[in-house]
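Residue numbers (full-length UniProt numbering): 1 to 113. Beta carbons are placed, not taken as given, at the ideal position from N, Cα and C, and that holds for glycine. Just so you know, these numbers come straight off a predicted model, no measurement behind them.
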């Protein structure tokens, strides 16, 4: 009754039971079915004509100060600046570089074509 001795080992408050994990338990590797392998595909980047023009014009007109000299940038410096592979920039410069150097600007209303 109310004046009985209280047992010290018996806690008055009980903690909540531990939560059960949600979802299905993971399947063991030995019980899983093997998945088919995908073919290795080469990543292919495509760049717009505007981006190509921007890179080539930067390579032609930009100058780098290097050990007291001023020189045009290399394709490796272009790679760091534009995050495009250096070999791609080199190919663009070989293919399109001359067309941008000798290209005359189009001025609307001028008599020359």
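- Cα atoms of residue 42 and residue 88: separation of roughly 15 Å, rounded to the nearest angstrom.
- Pairing residue 81 with residue 54, the inter-Cα distance amounts to about 12 Å.
- Scanning the segment 19-105 from its first residue to its last, the whole alpha helix (DSSP H) runs of 4-plus residues come out as 49-61, 75-82 and 86-101.
- Three or more Cβ pairs drawn from the segment 72-80 and the segment 46-64 lie within less than 8 Å of each other, which places the two stretches in contact.
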